[in-house]
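Using full-length UniProt numbering, you'd call the opening residue of the sequence shown number 1 and step up by one each time.
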Amino acid sequence: MPRKRSGSITTIRVEEFLSHGKPEVGYGNGNAVHATEVTQSQSEIYQLFKPFLALMSVLGLYHERRSGAKVHDAFLSDKKNSTAKLNWWKVYGVVAVVVLWLNAVRGFTAFDGSESLSSPFVFFKVLYVAYYIYCALLSTLCFHMCNQEDGLGTFWQEVAQLEHEIPTIVKANGLRRVISVSAAFAIIFVLFNFVYMLSTTVIGAQFPFFFTPFDRFVNMTVMTTESGLVLGFTCLVGLIMSGAAYASVALFVCVCYVHYCSFREFNAEFKEAVKHSIKSERLIDLETYRRKHQKICRLMEISDDLFSAFVAFTLVFSTGLLCLLIYILIYHFSAVTSSVINIIAFTIWISQFILQLTLISMGAFVNHQAHSPLSELHDIQLDPFKIDQLIPFQMFLNKLSVNPIGFSALGLFTIDKPTILTIIGMVLTYFFLMIQFQPSIGSSSDSTGLPSATNTSSAANATVT
């Protein structure tokens with residue numbers, strides 16, 4: 001009798017609705033060799049995503065790549081004419097990434113050595129530069145997700161395959177509404193940032209260093225051809241940055257919803273099967289449901305590989321900059337409230353970071369749904385099972401109770417409900433510590449530290465960046 005070895009191909013019989021009456025062959029890691037190949041164009045979920053992906057393409061955040069391609073394909077092969085076809089969306093994405101990184105480097109020119117910690121001005125400089133870097137990172141991550149071999153193309157392909165194999169679980173239930181709301185959210189905020197920055201610039205309520213280093217060579221107080229070009233450049237960069245900040249978060253929310261619904265539908269189906277098994281006193285086919293759950297988890301692993309860096313950077317930058325805003329608010333309160341423009345901009349800054357942290361917390365709901373079958377698994381009557389029939393039960397139990405399932409932050413920790421509570425507690429602790437050590441009103445604020453609304457406002461362009 002031949003000896004079994006780890007990683008060898010194993011044949012497992014599943015129900016007809018999984019393999020159309022044929023055995024499903026997979027490798028030791030749980031990946032299945034699909035009997036019927038399905039393209040992503042056949043996926044209803046992908047078709048619903050296409051308008052939003054078109055919006056991301058306009059913002060330089062998305063481009064298509066041929067599924068299974070092993071090399072970078074900026075030049076796509078035209079099979080009919082055997083000629084090279086340039087992927088302009090990819091080139092446009094490269095340009096957007098380069099522009100945002102150059103803008104991040106430009107932000108450092110705002111520091112001229114005259115900064116003082118007694119003025120809130122230096123903290124706003126740090127805030128802006130950090131946000132420039134954050135947006136450049138998001139744009140780079142979006143480009144990488146589209147261009148890598150196991151990127152978004154692999155995700156769409158796997159979604160299409162699961163829609164074909166387990167259509168009762170992976171389906172576009174309510175996804176159209178979520179994508180529409182997310183796209184509207186991104187468009188409204190991007191346009192609002194653009195219009196707000198443009199209007200505050202026209203009335204002269206902008207950062208003195210907002211146009212650095214161009215303002216050292218061009219007089220930005222008078223509208224000329226040169227100043228108009230600088231203004232147009234900063235507006236364009238602000239538009240791309242806003243897109244990177246909001247559209248990427250909206251994409252994450254939509255992908256979260258796909259996973260949330262998949263696990264939710266599986267839980268409902270598994271719960272009903274357990275109830276029926278208990279009432280009828282019949283054995284439940286645990287292997288079938290275990291492999292269904294494994295397929296959904298495989299899709300979850302692909303998404304985690306794509307978004308783990310995005311989750312980590314968003315948590316670090318949003319939490320850190322939110323704490324910096326709390327510091328400015330408490331220690332330089334009179335400067336923040338010196339004008340209506342300052343108050344509005346500061347409110348938008350805080351709301352933006354709180355909103356980003358809130359949307360990232362949606363990963364906790366995915367984690368909760370992924371582990372929900374554990375309670376039903378404990379309700380199963382094990383007495384009728386033979387010893388060899390308990391192996392799927394033990395494997396399913398280990399999957400649900402040992403390793404966390406969901407989105408992680410670079411693999412360091414998984415986003416779950418305790419993680420969200422920890423972040424909230426950390427921010428609140430920082431807030432109360434700042435209040436406790438707040439100096440007297442007279443020495444804590446510098447009303448001249450920020451420019452006035454009629455001259456230059458320290459936060460007027462906060463939403464653009």
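Cβ coordinates follow ideal geometry from the N, Cα and C atoms, glycine included.
Note on the stretch 88-135: whole alpha helix (DSSP H) runs with a minimum of 4 residues are 88-107, in chain order. For residue 405, same chain residues with a beta-carbon under 7 Å away, outside a window of 5 residues either side, are 297, 300, 367, 370 and 371 in chain order. In the structure shown, residue 139 adopts helical secondary structure according to DSSP, grouped into three states. Here the stretch 146-164 makes no contact with the stretch 117-125; the two share fewer than three CB pairs at distances below 8 Å. A residue is called buried once 16 or more other Cβ atoms fall within 10 Å of its Cβ, and residue 63 is buried on that count.
The beta carbons of residue 135 and residue 100 sit about 6 Å from each other, so the pair counts as a contact at 8 Å.
Between residue 295 and residue 166 a beta carbon distance of about 7 Å is seen, short of the 8 Å cut, so the two are scored as contacting.
Only residues of its own chain outside the window of five on either side were considered, and among them 362, 365, 366 and 369 have a CB closer than 8 Å to the CB of residue 260, listed in chain order. Bridge partners of residue 408 according to DSSP: 414. Cβ-Cβ distances below 8 Å link residue 427 to 319, 322, 323 and 326 in the same chain, with the five nearest sequence neighbours on each side left out; the list follows chain order.
For residue 328 and residue 349, the gap between their C-alpha atoms comes out near 12 Å. In this structure residue 37 is exposed. Its beta-carbon is surrounded by fewer than 16 other beta-carbon atoms within 10 angstroms.
If you draw a 10 Å sphere on the C-beta of residue 105, you find fewer than 16 other C-beta atoms in it, and that means exposed. Relative to the Cα of residue 378, the nearest Cα in the group 317, 280, 401 and 415 belongs to 401.
The residue among 217, 158 and 251 with its C-alpha nearest the C-alpha of residue 182 is 251.
Residue state for residue 387 is assigned as coil, using DSSP reduced to three classes. Sequence-distant partners of residue 214 (beyond 5 residues in either direction) whose C-beta falls short of 6 Å from its own C-beta, in its chain, are 230. Here DSSP, grouped into helix, strand and coil, assigns residue 234 to helix. Residue ranges of uninterrupted alpha helix (DSSP H) with 4 or more members, entirely inside the stretch 311-387 and ordered along the chain, are 333-336, 340-360, 362-371 and 373-379.
Residue 40 holds the alpha-carbon nearest to the alpha-carbon of residue 160 among 253, 412 and 40. Taking C-beta atoms under 8 Å as the contact rule, residue 266 and residue 292 qualify, at a distance of about 6 Å. When secondary structure is reduced to three states using DSSP, residue 309 falls in the helix class. Setting aside the 5 residues that flank it on each side, residue 141 is surrounded in the same chain by 248, 309, 310 and 313, each with a C-beta closer than 8 Å to its C-beta; the list follows chain order.
Take residue 412, set aside five residues on each side of it, and the residues of its chain with a beta-carbon closer than 8 Å to its own are 312, in chain order. Around the CB of residue 197, 16 or more other CB atoms lie within 10 Å, so the residue is classed as buried.
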